[in-house]
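Undergrad: First, the structure itself, so that you have it in front of you.
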Amino acid sequence: MTIVYRDTHEVDLDQLTVLFNSVGWERRTADRDRLAQLVRGSLFVVSAWDGDRLVGFARAISDGATNAYISTVAVLPEYQKRGIGRGLIQRLLADHDGIQFVLHANENAYPFYLHLDLGFEPFENVLARPRKL
Ligand SMILES: CC(C)(COP(=O)(O)OP(=O)(O)OC[C@H]1O[C@@H](n2cnc3c(N)ncnc32)[C@H](O)[C@@H]1OP(=O)(O)O)[C@@H](O)C(=O)NCCC(=O)NCCS
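Taken in order, the sequence shown gives residues 10 to 142; the numbers are from this note's numbering.
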C-alpha cells in the first residue's frame, strides 16, 4: 500500500463525506455548503490517498503567520494504525515553526496527539465557546 499525501484544497466532497461519516461525523457532512466552506476556509489542508481513494484528511485554520487551529483529523477506520494520522499531522506542522498550533482533541484522540511526540502538550488557560449549531 502506497499512501500519497496532497496539500491542496482539491478534496472531493463526496469522498470527504464518506470519510467523515466513517468516523461518526455525520453532523459535519449534512450540509454540503458548510462542508465545502470547512475545506475552503482552512489555509492548511492535507489529504491522504490510496490511489483514487481518500483515506485521510486533516486541516488547520490559520493566518499563515502566527497561529493555527487543527481540526477534523480523520483516517478511514480500515486504514488506521498504519501511520497515516502521524503523516497528516507531520505535514500540517512542516515548515511552520513560527506558528503556534492549538487543537481540541476528543478523549480518544487526546493520547494520540501526546504519543506523536511532535510537541503537543496540555496548555493552560485555553477557553472555548462551543458552536451552537
Ligand atoms: C486519531 C486518528 C486520526 C489516528 O490516526 P491513525 O492513522 O490511526 O494514527 P497513526 O497510525 O498515525 O498513529 C501514530 C501513532 O499514534 C498511536 N496511536 C494511534 N491512535 C492512538 C490513540 N487513539 N491513542 C494513543 N495512541 C494512538 C499509534 O499506535 C502510532 O504509534 P507509533 O508511532 O508509536 O507506532 C484516527 O484514529 C481517527 O481518524 N480517529 C477518528 C477521528 C478522530 O477522533 N479524530 C481526532 C479528532 S480530534
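Glycine included, every Cβ here is placed at the ideal spot set by N, Cα and C.
Hey, how far is the Cα of Leu-101 from the Cα of Gln-46?
TA: About 19 Å.
Undergrad: Is Val-27 a contact residue of ligand 1, with contact defined as CB to any heavy atom under 7 Å?
TA: No, Cβ of Val-27 sits at least 7 Å from all heavy atoms of ligand 1.
Undergrad: Quick check on Leu-28: buried or exposed, where buried means 16 or more other Cβ atoms within 10 Å of its Cβ?
TA: Per the 10 Å Cβ criterion, buried.
Undergrad: Let me make sure I understand the geometry here. Which of Phe-66, Leu-52, Trp-58 has the alpha-carbon closest to that of Asp-72?
TA: Closest option to Asp-72, Cα to Cα, is Leu-52.
Undergrad: Please classify Val-64: does DSSP put it in a helix, a strand, or coil?
TA: Strand.
Undergrad: May I ask whether a heavy atom of ligand 1 can be found less than 7 Å away from the beta carbon of Val-32?
TA: For ligand 1, at least one heavy atom lies less than 7 Å from the Cβ of Val-32.
Undergrad: Which residue comes first and which comes last in the alpha helix (DSSP H) that contains Phe-29?
TA: 22 to 31 is the span of the alpha helix (DSSP H), which, as asked, contains Phe-29.
Undergrad: Check whether the Cβ of Gly-128 lies closer than 7 Å to any heavy atom of ligand 1, and answer yes or no.
TA: No.
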